[in-house]
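One structure is given below, encoded as structure tokens.
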Amino acid sequence: MTPVLHGISILTDSPTVVSARAGALEFLLANHALDCPVCDKAGECELQDMVHKYGPHKGRHTEKKFKFHEKDYALSPVIIKNSNRCVQCIKCARVCREVVGVNVLAAIGRGDHQEETSFFKTQLDCDHCGNCIEVCPVGCFMRLPYRYKARPWDLKGADTVCAYCATGCRMVMEHRDGTVLRARAQYGVGVNSETLCARGRFGFDYINSPERLTTPHVNRYGKLEAATWVEAFDYIKESLMGVSGDEFGGIVSPRYTNEEAYLFQKLVRDVFKSANVDSTSRWEASGVEAFAAAAGMNEGGVSVFDCMEADTVVVIGAQISDENPVTDYIIRRISAARKMNVIIVSPRAMKLDSSANLLLRVAPGAEGAVLNAVALSLVPDKTGGYAQTADIAKDMIDALVAKLKASASVAIIAGTEFLRHPESCAGLGFLKDSLKSSGKKVLILPALDRCNQRGVWEMGAHPGFGPGYAGVEKRGKGTHEMLEAAMDGGITSMYAAGVDIVSMFPDAQFAQKALMRLKFLIVQDTFMTETAKMAHVVLPGATFAEKEGFYTNQEGRAQIIRSLLPPPGKAKRDFDVIKAVGEIFDTGFGPKNPALALDEMRKTNPMYRDASLAFNNKRNVDNKLDIKAALVKAADAAPPSVKCAPAAIAPKDDKYQFALMTGNHLFHSGMLSKRSVSLTGLLNSAVVEICPEDAVFYGLKPGAKVIVKGAHYEAVMTLTVRPGSKRGVAFIAENYQDCPVNRFFKKGAGTPQVAIRPCS
Amino acid sequence: MDKVLLKKLGDPEAHKIDNYVKAGGYKALGMALKMPPDNIIQAVKDSGLRGRGGAGFSTGLKWSFIPKDPTIKKFLCCNADEGEPGTFKDRGIIDWDPHLLIEGMIIASYAIGAAKSYIYIRGEFALGAARLDAAIKEAYAKGYLGPNVMGTGFNHDMFVHRGFGAYICGEETALLESIEGFRAQPRKKPPFPALAGLYSKPTVINNVETLSCIPAIIERGAKWFSSIGPEKSPGPKIFCVSGHVKKPGLYELPMGTTLREIIFNHAGGMLTEKPLKAVIPGGVSAPMLTEKDLDTSMDFDSLAAKGTMLGSGAVVVMDSSACMVKTAYIINRFFSHESCGKCTPCRDGTPWLTNILMRLEHGEGKQGDVELLEGLCANIFGRTFCPLGDGAVMALRGALKNFRNEFEYHAKTGRCLG
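If you're matching them up, the sequences are chains A and B in order.
Under my numbering, think of the first position of the first sequence as 1, with each following residue one higher.
Under my numbering, think of the first position of the second sequence as 761, with each following residue one higher.
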């Protein structure tokens, strides 16, 4: 091996190089299956390209080929393997170990019998992320859902952004004759480069679902019936004429583009003259303000790569390996090559734990207490003032403090637990100030679970602030208050754009009752959701693959999404629907198209002053993944400072042994992923996750059906265990249709307690 | 010449520490521990000892590459993964005189400043591994190993690591990977093990025979050692003679003894009346020599001048009854079976060669097969990650060079010549 040295001259075309290259390719082809006519990879195969370019163009190998197996075998519901095509580059095993961190692929056997596969070649119990497929240069690892559906040259693609979590992975979506068939990452493009997670790579197929809404629906005599757009708009005009001010409320989805969110809040504020606009049905509006202020989101974008240059990275309140898998890859990949601390504070174990050098297992919602204790220890004259954090061992706090003290720069990755337990945000702000006052560089990266959550906030779709966190004249109602007002008649009409309140509001019964009292409910969505079923008018919208616009990811990176297909049937792009609804009441309502909306945003919102979509989908000249120009700038205003009272603590009841946590599952995010055939194939029914010690203690068997019983709801589901999680914590993801976890919640009652017993 | 390495061969009680000490064992260790480490390295350099594993690199020079910084951990590894067909010399030392190796290793560790050393022994050597384990236990009990060796303050621990039957583990960096618990595949070099070896720490890897020479060098002096054999590669050498000779076995002779002397004076001559046809001088990867080269002196440089190598000193003698196509086939089959799979030319090239040779041997050869073999050899040689692929090609090229007519006859008629 010759190391590259300064001044070295490298010949790439000398006779020796040419013959060595052709010789190596000839050897690779010697045992290669050469079944290009039926191979999914043919047409974009690196081996094919190399042989085409460098030869040999005539084969000398006439011996019998060695075959690993006659038939391809599936390694997972989404991964299928043909080892006869393998070129033994071992990229699959390396990406699995070094980037994804599940370490389930390795080479078995020796020499030409060496095969990269799972142990015993059995079905994998892994992340099913398919990064092995992405890095495979030949057709050895293949997508099972895409198998034999198309040749690469049949596909038409568009560069876009994944619409699941807020990591903001760039990817190419490809369709053949109107059916979206494939999502793939591109080497060197986007924060993710060539990696994606299971949701991103396989979870797009809801776009092709036959259950998509293709026409508006209008409630006639208590029944939703298909209608025309004219009928729907007439009905809206008739019902909402004269409705204005506080009796109207609007909620927009964090999966809508910035342009749509901007237009939506304009519709609510300018057309209906109402201050009641929100962007989520899961969290309290005041919690969002507290989080945005504590995380300093108004100070502009924070690149994840800058965070990874810090001496210490603290991941807190974020189940990052499940909720933001590609952020997890970035942390794993970079921290393995650098001397740095990775500290994880969470109740549940996660895959990233293996990269951490300090783990704190805390009770759900105790993140704020930990941060407070740490911050107090950093202030010299107030040491020892954290006796109240009974749950966390003092030596763990001391270890965390020691690591922070020894670091010149600290990055905190703060996740959605801060929004579920907003009282924790004060601790986050306190720690940030303490670190700053002791002269350290501090970066806070919010880890969010919806693709444009940050964007819709910055567009002003929030009752407490307008675009760019600008102050509002009158504070409006958030989703919680809106539903309360609906309950007692203060709000009579609502417009839910892309949100499924009934499935997501943490108290399903309450949400249902409140919505029932409304005089008029407009739901705009791509599927007939639980909320849509209660609507007076249902407007069919578009998925992210069917619209133009841009998302702002958790870092504050503005990234363009591109339309791949027209929306199905009579469905329209959401921007056009919102505009049309506005035009019913004000013909001058606008901006009239997304490009004009961006222009207006650039003029009025200082964060997006320089927003440009020109840098998208380009490789940086210096080959780095971090495009700084895409980060949003600092705002002129800051989110109003609110103090969130600690949530009510449910009285300890011996009947219930577990505190219930919720969030996203690795394979599911929101209700949309339940419409994906591939993802439901990976996990279809509800599971409850506890730690193995608890399972043994309570005599529960992993894999068996159990009854989870709370004060307000009980359901049967499968038990899973996760080694390393905190005892006394049960986790149910918020995405299961057979167990809507929000039914366990009671508004104002705090973290629910549940009991788990075997299903007899 | 009195024997240095094999003096205990055949003595059933020699492996016990009491007998070893009685015969003057561990005296060299006591002497060495009183010397400054640099003087030991200098003595080994002066002795002219060259590595007996095959490459023939100067042992003292190799040791001198180890950084002198005492804060850096260092390791010594003994390569006892003797796997080359025809080679069984290390076994003679391990089975019969394990303390000789252990003494050499402690001295070497002291010289380079290693607190831990490993003996990587091939899994098939069950007796050897058991003998080493027992010997190490004895050495600990007598204070030659462990903390404060012989009261000098030098601490040393020694471990036996059993392999699992892969020839590639004899490649030094693959051996290190295997000790670390990974799949045995060669590492890229640089960095060389002297800077980043076992667990990324400076490491010396020496052959059993090399390390076993150390006590004698310390005891009798570098000058005595360098007076044995030729000036450029001095010292005693174990030759493993096998094949068509009357007395196959291990022969410890001065380096530079001629092949003719080894075969006819020591090994008793040819087995039958059939004349000598070919002889492999240094393990199967060394190209073969013929009758006309029998007066070649068996040392690193003389054999290199003849286009072959001393390698492990495994002399395989073949008389006129041996078919060279079959020989080449068997040798190549070994290499293709043992290819680790890391790099393409070796992984896919050696099985291809084996397939062609098998066809030739089985009488299914085709016109052009010999040329194809030569073409493939050119594509493998020098283009592999480690010397395994090169070894396969060198062996085959040696056979093709001397006995091309046999290969062509096989291709044409499907039968052996003569």
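Glycine included, every Cβ here is placed at the ideal spot set by N, Cα and C.
What you are looking at is a predicted structure, and each value in this text was computed from that prediction instead of being measured.
Could you compute how far the alpha carbon of residue i sits from the alpha carbon of residue j?
i, j, result
"Phe-264(A)", "Val-716(A)", "39 angstroms"
"Gly-384(A)", "Glu-367(A)", "Interpretation of Gly-384(A) is limited by its pLDDT of 48, a score under 50 that renders its predicted location unreliable; the figure taken from the coordinates is listed afterwards. When rounded, the distance between both Cα atoms is 18 angstroms."
"Asn-1139(B)", "Met-1048(B)", "21 angstroms"
"Leu-1148(B)", "Tyr-551(A)", "54 angstroms"
"Leu-1010(B)", "Cys-1000(B)", "5 angstroms"
"Lys-834(B)", "Phe-985(B)", "27 angstroms"
"Ala-917(B)", "Gly-906(B)", "The residue asked about is misnamed: residue 917(B) is Asp in this sequence, not Ala. Spanning the two alpha carbons is a distance of roughly 5 angstroms."
"Ser-225(A)", "Gly-703(A)", "The question names Ser, but residue 225(A) in the sequence shown is Glu. If you take the alpha carbons of Glu-225(A) and Gly-703(A), they lie about 42 angstroms apart."
"His-668(A)", "Arg-199(A)", "7 angstroms"
"Lys-782(B)", "Pro-975(B)", "15 angstroms"
"Lys-794(B)", "Ala-982(B)", "17 angstroms"
"Asp-1108(B)", "Ser-1057(B)", "37 angstroms"
"Ser-274(A)", "Leu-267(A)", "9 angstroms"
"Ser-286(A)", "Ala-158(A)", "38 angstroms"
"Ala-730(A)", "Ser-503(A)", "20 angstroms"
"Phe-204(A)", "Arg-176(A)", "14 angstroms"
"Gly-785(B)", "Asp-771(B)", "15 angstroms"
"Ile-832(B)", "Leu-955(B)", "10 angstroms"
"Leu-431(A)", "Asn-372(A)", "7 angstroms"
"Arg-110(A)", "Ser-346(A)", "42 angstroms"
"Tyr-386(A)", "Ala-868(B)", "Residue confidence is low: Tyr-386(A) scores 47 on pLDDT, short of 50, so the model does not pin down where it sits. Its coordinate-derived value is still stated next. One C-alpha to the other measures close to 56 angstroms."
"Ala-1088(B)", "His-665(A)", "59 angstroms"
"Phe-248(A)", "Ser-493(A)", "5 angstroms"
"Lys-71(A)", "Lys-628(A)", "48 angstroms"
"Asp-897(B)", "Asn-839(B)", "One point to set straight first is that residue 897(B) is Lys, not Asp, in the sequence displayed. Cα-Cα distance, rounded: 20 angstroms."
Assuming residue i and residue j are in contact, meaning their beta carbons sit under 8 angstroms apart, how far apart are those beta carbons, in whole angstroms?
i, j, result
"Gly-43(A)", "Pro-152(A)", "4 angstroms"
"Ile-320(A)", "Asp-311(A)", "Actually they do not touch by this definition, with Cβ atoms about 19 angstroms apart."
"Ile-343(A)", "Leu-358(A)", "4 angstroms"
"Pro-990(B)", "Asp-1059(B)", "5 angstroms"
Name the residue from the options whose alpha carbon lies nearest to the alpha carbon of residue i.
i, options, result
"Ile-881(B)", "Val-968(B), Pro-797(B), Leu-836(B) and Ile-896(B)", "Val-968(B)"
"Leu-744(B)", "Glu-932(B), Arg-1107(B), Met-1078(B) and Phe-1167(B)", "Shown here, chain B extends from 761 to 1178; a query on residue 744(B) therefore has no answer."
"Leu-1080(B)", "Lys-1126(B), Met-1030(B) and Ala-956(B)", "The sequence shown places Ser at residue 1080(B), not Leu. Here the closest residue by C-alpha is Met-1030(B)."
"His-1137(B)", "Met-1154(B), Phe-942(B) and Lys-1007(B)", "The sequence shown places Cys at residue 1137(B), rather than the His named in the question. Of Met-1154(B), Phe-942(B) and Lys-1007(B), the residue nearest in Cα terms is Met-1154(B)."
"Ile-444(A)", "Gln-554(A), His-113(A), Lys-351(A) and Thr-479(A)", "Gln-554(A)"
"Gly-222(A)", "His-536(A), Met-504(A), Phe-27(A) and Gly-188(A)", "His-536(A)"
"Gly-670(A)", "Leu-448(A), Tyr-495(A) and Leu-719(A)", "Leu-448(A)"
"Ser-244(A)", "Ile-491(A), Glu-289(A), Lys-441(A) and Pro-566(A)", "Ile-491(A)"
"Pro-758(A)", "Gln-186(A), Ala-695(A) and Lys-726(A)", "Ala-695(A)"
"Ile-1023(B)", "Met-761(B), Glu-1134(B), His-1004(B) and Arg-1143(B)", "His-1004(B)"
"Thr-963(B)", "Glu-937(B), Pro-1111(B), Asp-893(B) and Arg-1175(B)", "Glu-937(B)"
"Pro-56(A)", "Arg-338(A), His-69(A), Gly-23(A) and Ala-755(A)", "Gly-23(A)"
"Gly-79(A)", "Glu-211(A), Val-191(A), Gly-101(A) and Lys-121(A)", "The displayed chain sequence assigns Ile, not Gly, to residue 79(A). Measuring from the Cα of Ile-79(A), the nearest candidate turns out to be Lys-121(A)."
"Val-442(A)", "Lys-533(A), Ile-413(A) and Asn-82(A)", "Ile-413(A)"
With DSSP as the reference, please indicate the residues paired to residue i in a beta bridge.
i, result
"Arg-182(A)", "Glu-174(A)"
"Lys-876(B)", "Phe-835(B) and Asp-917(B)"
"Phe-272(A)", "Answer by DSSP bridge pairing: none, since Phe-272(A) is not bridged."
"Pro-1014(B)", "Pro-996(B)"
"Glu-714(A)", "Lys-709(A)"
"Ala-226(A)", "His-217(A)"
"Val-729(A)", "Ala-659(A)"
Short of 8 angstroms Cβ to Cβ, which residues in the region 5-32 of chain A face chain B? Of all residues in the region 5-32 of chain A, the ones placed with a Cβ closer than 8 angstroms to any Cβ belonging to chain B are Ser-19, Ala-20, Gly-23, Ala-24, Glu-26, Phe-27, Leu-28, Ala-30 and Asn-31, in chain order.
Where the region 1130-1147 of chain B meets chain A: residues whose CB sits under 9 angstroms from a CB there: Taking 9 angstroms as the cut-off between beta carbons, the residues of the region 1130-1147 of chain B near chain A are Leu-1132, Gly-1135, Leu-1136, Ala-1138, Asn-1139, Ile-1140, Gly-1142, Arg-1143 and Phe-1145, in sequence order.
Which residues, in order along the region 80-99 of chain A, keep a beta-carbon less than 9 angstroms from a beta-carbon of chain B? Result list: Val-87, Gln-88 and Ile-90.
In chain order, what residues of the region 38-68 of chain A put their CB closer than 9 angstroms to some CB of chain B? Those would be Arg-60, His-61, Thr-62, Glu-63, Lys-64 and Phe-66, in chain order.
With 7 angstroms as the C-beta to C-beta threshold (strictly closer), list the residues of the region 320-343 of chain A near chain B in chain order. Correct list: empty, as no residue qualifies.
Note down, in chain order, all residues in the region 103-115 of chain A with a beta-carbon under 7 angstroms from any beta-carbon belonging to chain B. Within the region 103-115 of chain A, the qualifying residues are Ala-107, Arg-110, Gly-111, Asp-112 and Gln-114.
Listed in chain order, which residues of the region 1093-1108 of chain B have Cβ atoms closer than 9 angstroms to some Cβ of chain A? Those residues of the region 1093-1108 of chain B that come within reach of chain A (Cβ to Cβ, closer than 9 angstroms) are Ser-1096, His-1097, Glu-1098, Ser-1099, Cys-1100, Gly-1101, Lys-1102, Cys-1103, Thr-1104, Pro-1105, Cys-1106, Arg-1107 and Asp-1108.
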